Amino acid sequence: MNFFSDNTAGASAPVMAALAAANDGTATAYGTDAWTGRVERLFAEIFEHEVAAFLVASGTAANSLALASITRPWGAVLTHEESHVADDECGAPEFFSDGAKLVGLPGAGNKISPGPVTQALARMREGALHQVQPQAISITQATECGQIYTPAEVRALKDAGAPRGLTMHMDGARFANALVALGCSPAAITWQAGVDVLTFGGTKNGAWAAEAVIFFQPEAAAEMKWRRKRSGHTLSKGRLIGAQFEGLLGGGHWLELARHANAMAKRLADALIALNIPLAWPCQVNQVFPILSAELQTKLKAAGVGYLPWSQTALPKDIPFAEGETIGRFVMAFSTSEADVERLINVFAAAKG
Numbered sequence: 003m004n005f006f007s008d009n010t011a012g013a014s015a016p017v018m019a020a021l022a023a024a025n026d027g028t029a030t031a032y033g034t035d036a037w038t039g040r041v042e043r044l045f046a047e048i049f050e051h052e053v054a055a056f057l058v059a060s061g062t063a064a065n066s067l068a069l070a071s072i073t074r075p076w077g078a079v080l081t082h083e084e085s086h087v088a089d090d091e092c093g094a095p096e097f098f099s100d101g102a103k104l105v106g107l108p109g110a111g112n113k114i115s116p117g118p119v120t121q122a123l124a125r126m127r128e129g130a131l132h133q134v135q136p137q138a139i140s141i142t143q144a145t146e147c148g149q150i151y152t153p154a155e156v157r158a159l160k161d162a163g164a165p166r167g168l169t170m171h172m173d174g175a176r177f178a179n180a181l182v183a184l185g186c187s188p189a190a191i192t193w194q195a196g197v198d199v200l201t202f203g204g205t206k207n208g209a210w211a212a213e214a215v216i217f218f219q220p221e222a223a224a225e226m227k228w229r230r231k232r233s234g235h236t237l238s239k240g241r242l243i244g245a246q247f248e249g250l251l252g253g254g255h256w257l258e259l260a261r262h263a264n265a266m267a268k269r270l271a272d273a274l275i276a277l278n279i280p281l282a283w284p285c286q287v288n289q290v291f292p293i294l295s296a297e298l299q300t301k302l303k304a305a306g307v308g309y310l311p312w313s314q315t316a317l318p319k320d321i322p323f324a325e326g327e328t329i330g331r332f333v334m335a336f337s338t339s340e341a342d343v344e345r346l347i348n349v350f351a352a353a354k355g
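In terms of this note's numbering, the sequence shown is residues 3 to 355.
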């Protein structure tokens, strides 16, 4: 029973079919192919806005190149102290931006709010020669604790950074899961709310290796093609990324997959609550975070259940946490079946006795 991550799943059938179709014949190289061109236009349709879209093969590349394109080496990016770009990219954002600093901010559920942004900006004096200059805000949608930013919350952060002209970046590795949970349009939660650059995730939602960096102000993307080339992500057979996105985005398939993963997570969350197993954070997308006693941890391990222990740092202050307890992260993928979830629920029920 593998609930470690949605990265452990393969690709959906339409994505596989699109890849197989793109494999036939020949095509021009380095992203000049018909598949990539169609996907770039499709992104403009999805977001109801002219965009500059750059396809890459990994989330690390997407996040790092996006931040490097909007931050100078003496600049700073305000982000949550446990955000993916801060904790899980092995320094790649700093490397690709030639040394820009990531400034970590606190926040329950790994969400940042305007208050800490304003406080950080007050400490980082404009024009002070000995300090990095804040240039961007980066938020994760959904967060590492499975929490969602609403359009109003995104706009409030954008407004908090406006006095210093901060650019807004959204790490959307699980953008589809957040979008279907919000029930709004892609435009409403991105450029209409103040997002300037989006990392659009495909890999966690049914693709093999497909991510996109989307600029909602195409003129701001002038450096991106050069940065992508230098990073090794201008693939000669770029059609194979374009084809993945064509299979994923066509007919709203990406949203169907996200809805399914979210529904599987909600089924587990509802069952755990019924068993009086508390959740560290509400289940909003495809991740569930129960607080596990030492006894539960032992029984889950014995049953062969795979999950990740998770950080307690962003717990709400009113959540009790006893010695020996841990937070477990259980992630549902597009391919997680109802039978998989029911089997896991039965393990929890048996463990509770």
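Ideal Cβ positions, reconstructed from N, Cα and C, are used throughout, including at glycine.
As the structure is a computational prediction, the values presented were derived from the model and not from experiment.
Whether residue i touches residue j by CB criterion (8 Å)
i      : j      : result
Phe332 : Leu270 : yes
Ile141 : Asp173 : yes
Ala55  : Glu42  : yes
Leu21  : Leu242 : yes
Ala88  : Leu104 : yes
Ala260 : Ile347 : no
Thr169 : Asp198 : yes
Gly308 : Met3   : yes
Arg229 : Phe97  : no
Thr201 : Ala138 : no
Leu250 : Ala222 : no
Gly106 : Gly240 : no
Ala164 : Pro116 : no
Ala29  : Ala19  : no
C-alpha gap between residue i and residue j, whole angstroms
i      : j      : result
Thr338 : Ile329 : 21 Å
Leu237 : Pro118 : 40 Å
Thr315 : Glu155 : 21 Å
Phe6   : Gly148 : 14 Å
Val134 : Phe291 : 36 Å
Leu57  : Gly27  : 21 Å
Asp100 : Glu258 : 39 Å
Trp76  : Ala352 : 55 Å
Gly306 : Gly129 : 56 Å
Arg157 : Gly39  : 31 Å
Gly252 : Ala13  : 15 Å
Gly254 : Pro16  : 11 Å
Lys268 : Ile279 : 14 Å
Ala304 : Leu298 : 10 Å
Glu47  : His171 : 20 Å
Leu302 : Ala224 : 51 Å
Phe2   : Trp312 : No information on residue 2 is available, as it lies outside the stretch 3 to 355 that the chain covers here.
Leu317 : Glu146 : 12 Å
His132 : Ala296 : 48 Å
Ala276 : Leu310 : 22 Å
Thr10  : Ala211 : 12 Å
Asn25  : Ser187 : 33 Å
Glu327 : Ala102 : 37 Å
Glu325 : His262 : 35 Å
Residue range of the unbroken alpha helix (DSSP H) whose run includes residue i
i      : result
Ala214 : Not the alpha helix (DSSP H): Ala214 falls in the beta strand (DSSP E), residues 213-217.
Thr38  : 36-49
Leu259 : 255-276
Gln135 : Note, Gln135: premise wrong, no alpha helix (DSSP H); beta strand (DSSP E) at 135-142.
Asp198 : No alpha helix (DSSP H) contains Asp198, which DSSP labels as neither H nor E.
Leu104 : Careful: Leu104 lies outside any alpha helix (DSSP H), inside the beta strand (DSSP E) at 103-107.
Lys354 : 340-354
Asn288 : Counting along the chain, Asn288 falls outside any alpha helix (DSSP H), and DSSP gives it neither H nor E.
Met226 : 226-233
Arg125 : 116-125
Lys301 : 296-304
Nearest-angstrom Cβ-Cβ length linking residue i and residue j, presumed shorter than 8 Å
i      : j      : result
Val349 : Met266 : That pair is no contact at about 15 Å.
Asn264 : Asn179 : 6 Å
Lys160 : Gly109 : Not quite, the Cβ-Cβ distance comes to about 16 Å (not below 8 Å), so this is no contact.
Ser71  : Met226 : 5 Å
Ala191 : Val287 : Looking at the sequence itself, residue 191 is Ile, so the reference to Ala does not match. So it is not a contact: roughly 13 Å between Cβ atoms.
Pro400 : Arg166 : No answer is possible for residue 400: the residues shown for the chain start at 3 and end at 355.
Asp8   : Ala335 : 4 Å
Phe218 : Trp256 : Incorrect: roughly 19 Å between the Cβ atoms, too far for contact.
Enclosing beta strand (DSSP E) for residue i [first to last residue]
i      : result
Trp312 : 310-312
Arg331 : 328-333
Val79  : 77-82
Val58  : 54-58
Asp173 : 169-174
Cβ of residue i within 8 Å of any chain B Cβ
i     : result
Ala54 : Absent from the structure is chain B; it holds one protein chain and no more.
task: Pair every Cβ in the segment 59-76 with every Cβ in the segment 274-291, then say whether three or more of these pairs are closer than 8 Å.
output: No, the segment 59-76 does not touch the segment 274-291.
- request: Count the CB pairs spanning the segment 174-190 and the segment 116-126 that are closer than 8 Å, and state whether there are at least three.
  value: With the rule of 3 Cβ pairs closer than 8 Å, the segment 174-190 does not count as touching the segment 116-126.
message: Under 8 Å, with one C-beta from each stretch per pair, do the segment 47-54 and the segment 72-83 reach the 3-pair mark?
response: No: the two stretches stay apart, fewer than three of their Cβ pairs being nearer than 8 Å.
message: Count Cβ pairs between the segment 195-211 and the segment 242-250 that sit closer than 8 Å; are there 3 or more?
response: Contact holds: three or more Cβ-Cβ distances are below 8 Å.
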